[in-house]
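The structure appears right after this line, and notes come after that.
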Amino acid sequence: MSDETIRLVTIGRILRRRRRFLVILAVVGALVGYGASLLFPPSYTTSASVLLAGQWGERELLTQAEVAASSAVVDRAADTLGWTGVSGSELRDRVSAKAAEGNIIKISGTAETPERAQRLSDQVAQQFVAFAARIAGDNTDPGTAVGPEALRQKVVQTNRRISDLANAADPGRTVESVQARTELEKLRATLQEAMKKLDEADPATNKANMVVMGPAARPTGEAPPTRVQLIVAGALLFFLLAVIGHLAAARVSRRLRTEPEIAAALGAAPLGTVDVPAERSSHRPKGRGPRAWVRLLLGVDTRWDLPAPQPSDGEAGRQIRYRRVCARLRDRLPAPGRLLVVVPDGDEIARRAAGQLVAEAGSDPSPSSSSGGSPMLRVVGVSVSRPLVPDRDTESGAVVVLSAGSWTAEELAGIAEACADAGHEVVGIVVAGTVRARPARTAGRLLRHATPAIAVGDDARGGSV
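Written out as structure tokens, the structure is:
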């Protein structure tokens, strides 16, 4: 799969052939999510809304939201609540504020119980309003600043003083008195206009009017992530990791899948492909140890990355393929004699194909056979990890039978070197594959309808070479 695009059919093959393993991993992920939910106690979240009167810009609202969640406000709320073992720094992690539409600041509080979450949100909202009013100057020190109310009082007093001065002037009798009254009225108008502009320009006059829009609602459900969400997330995470792991392993796999690649690794010419009926245990490794039982339990004892078997051409079509391979073997024999059929250990498909090849070549171990009682094809199994081939005796060469997608180039090169060390020339390779066959007929019926096989080494006159 290193040279093909990941397609939906590949994922479907993983889900179909690894369903037990994926289900087990999903259950393990769910258990991990449940364990994580035990480490994180349930929490509840609720919000209190504060309405800001007047005209506010977007940046100003964001600033007020930052102020609402600042330590200056949260620390005062912590002192008022007086919860044992909970400091202001811990509460700052549980409080958040954001600006909403309509000049509203939403203050959210999170606690371990619904009651505490409600009290926390309400208290922070109240402290935020009090802190904003204190900044605006309603409760500032008179010695350091003059608040809006003090300015209004001074304006009222000034207006009264202007009225007294206007009434004290001789109205209309002299030019000086008329000018004085006119100047006093201009001063009154200027003072009122200045105060009006001050109210409009200074946010501390109008914008300090903040109102808590009722108490926070008591939460009825846990804040995310809940226990159910953690369990589902754990199962989904492990499931996706398993699928991605299968895809990654297939992408980096170095197993050879095509006939030219296999032939190049063994340094021999391909003789053709043969088919064997698919069986459930074709790609199941042998062994009854603890590791094999664990693989069987997890459902990873069979290969998933091989394509589905193709429909079979029937028994006659399979025999034709074997006969063609036998004919090519006969043409490539360097000298009369037997051939060594080398099959990698653990390759069940190749082992079955080699047995069928021997049968089609007319290998009969009985003394009545034309070869003098010894088969013309002799099958030997070779360990891939430490390949060892029997030394050459009467064999005229070796033919390697294996299935595609099972072995790497290094492993096949080791088999070729083992054949060369034993004095065997690899005359060709045969690639075996699986097909979906119809229900097998009885052995007796096969013998009655089978066509006589062509033995390797028979010439056109029917004699032995």
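Residue numbers for the sequence shown follow the working numbering, beginning at 9 and rising by one.
Backbone N, C-alpha and C define an ideal beta-carbon position, used for all residues, glycine too.
Keep in mind it's a predicted model, so treat the numbers as computed, not measured.
Using beta-carbon positions only, say whether residue i and residue j come within less than 8 Å of one another.
i, j, result
"VAL31", "VAL137", "no"
"ASP246", "VAL435", "Inspection of the sequence shows that residue 246 is occupied by Phe rather than by Asp. It is not a contact, given that the beta carbons lie outside the stated cut-off."
"ARG485", "THR310", "Within the shown structure, residues of the chain are numbered from 9 to 473, placing residue 485 beyond reach of any answer."
"ARG102", "LEU128", "yes"
"ALA231", "SER51", "yes"
"ALA107", "LEU70", "yes"
"THR54", "ARG226", "yes"
"VAL163", "LEU195", "no"
"GLY413", "ARG262", "no"
"SER411", "ALA358", "yes"
"ALA273", "ALA417", "yes"
"VAL351", "VAL392", "no"
"ARG394", "GLY431", "no"
"MET384", "ARG329", "no"
"ALA250", "GLY41", "no"
"ASP130", "ALA224", "yes"
"SER79", "GLY90", "no"
Out of the options, which one is the CA nearest neighbour of residue i?
i, options, result
"GLU368", "VAL333, LEU348, PRO227", "VAL333"
"ASP321", "ARG262, PRO232, THR442, MET384", "THR442"
"LEU255", "ARG235, GLY222, ALA85, TRP312", "TRP312"
"ALA56", "GLY222, ASP399, ALA277", "GLY222"
"ARG235", "ALA424, PRO49, HIS432", "PRO49"
"ILE143", "ALA76, LEU59, GLN318", "ALA76"
"VAL132", "GLY117, ASP399, LEU238, LEU264", "GLY117"
"LEU420", "ALA276, ASP401, ASP172", "ALA276"
"ARG386", "ILE357, SER393, LEU348, ALA174", "LEU348"
"TRP64", "ILE270, SER79, GLU109, ASP355", "GLU109"
"GLY229", "PRO122, ASP429, TRP415, THR402", "PRO122"
"ARG338", "SER404, GLN187, GLN318", "SER404"
"LEU47", "SER79, ASP429, PRO233, ALA202", "PRO233"
"ILE270", "GLY422, ARG169, THR402", "GLY422"
"LEU341", "GLY90, THR402, SER78", "THR402"
"MET203", "ILE115, GLU191, ARG168, GLN161", "GLN161"
"ALA6", "ARG444, GLY370, GLN237, GLU184", "Coverage of the chain is limited to positions 9 through 473, which leaves residue 6 absent and any answer about it impossible."
"ASP172", "GLU184, GLU193, ARG331", "GLU193"
"ILE22", "VAL186, ILE252, ILE115", "ILE252"
"ARG331", "SER185, GLN364, ARG169", "GLN364"
By Cβ distance below 6 Å, which residues in the same chain neighbour residue i in space, the five residues on each side in sequence not counted?
i, result
"LEU279", "VAL333, ARG336, GLY436, VAL438"
"ALA243", "ALA34, GLY37, ALA38"
"GLN135", "VAL81, ARG84, ALA85"
"ALA361", "VAL282, VAL284, VAL409, ALA440"
"ILE19", "none"
"ALA73", "ALA105, LYS106, ALA107, ILE113"
"ALA197", "none"
"MET218", "VAL58, LEU60, VAL137, ALA140"
"ILE239", "ALA38, GLY41, TYR42"
"SER382", "In this predicted model, SER382 has a pLDDT of only 38, less than 50, meaning its place in the structure is not dependable enough to derive any value."
"VAL267", "The question names Val, but residue 267 is Glu in the sequence shown. If we look at GLU267 and ignore the five residues flanking it on each side, its Cβ neighbours are PRO278, VAL439."
"ASN147", "Any answer about ASN147 is weak, because its pLDDT of 47 lies below 50 and its placement is not dependable; what the coordinates show is given next. Nothing meets the Cβ criterion."
"PRO319", "ARG444"
Less than 8 Å between C-beta atoms, sequence neighbours within five positions excluded: which residues of the same chain meet that for residue i?
i, result
"SER376", "Confidence at SER376 is low in this model, with a pLDDT of 36, below 50, so the placement of that residue is unreliable and no value is reported for it."
"ARG28", "LEU306, GLY307"
"VAL388", "LEU348, VAL349, VAL350, VAL351, VAL397, PRO398"
"VAL94", "ALA86"
"ALA451", "Caution is warranted here: a pLDDT of 41 is assigned to ALA451, below 50, making its placement in the model unreliable, and the coordinate value is therefore given only provisionally. Correct list: empty, nothing qualifies."
I'd like to confirm the pairing. Which residues does DSSP put opposite residue i in its beta bridges?
i, result
"ALA56", "ILE115"
"LEU385", "LEU347"
"SER411", "ALA440"
"ARG278", "Note on residue identity: the sequence assigns Pro, not Arg, to residue 278. ILE437."
"ASP172", "Answer by DSSP bridge pairing: none, since ASP172 is not bridged."
"GLU403", "ARG346"
"MET218", "LEU60"
"PRO319", "ARG444"
"THR198", "For THR198, which the question treats as bridged, DSSP gives no partner whatsoever."
"PRO233", "BP columns for PRO233 are empty, so no partner."
"ARG263", "THR416"
"PRO352", "VAL390"
Can we count residue i as close to the ligand FAD, meaning its CB is less than 7 Å from some heavy atom?
i, result
"ARG265", "Of ligands this structure carries none, so the ligand FAD is not represented either."
Got a sec: is the Cβ-Cβ distance from residue i to anything in chain B below 8 Å?
i, result
"GLY110", "Absent from the structure is chain B; it holds one protein chain and no more."
Return the chain-ordered list of same chain residues with a C-beta closer than 7 Å to the C-beta of residue i, the five sequence neighbours on each side being excluded.
i, result
"ALA424", "LEU274, GLY275, VAL434"
"TRP415", "ARG263, LEU264, PRO352, VAL392"
"THR166", "LEU199"
"CYS427", "VAL350, VAL397, ALA406, VAL434"
"VAL170", "For the sequence presented, residue 170 should be read as Ile rather than Val. Here the set comprises LEU192, LEU195, ARG196."
Run through the segment 68-143 for me and flag every whole alpha helix (DSSP H) of 4 or more residues, listed as ranges in chain order.
79-89, 96-100
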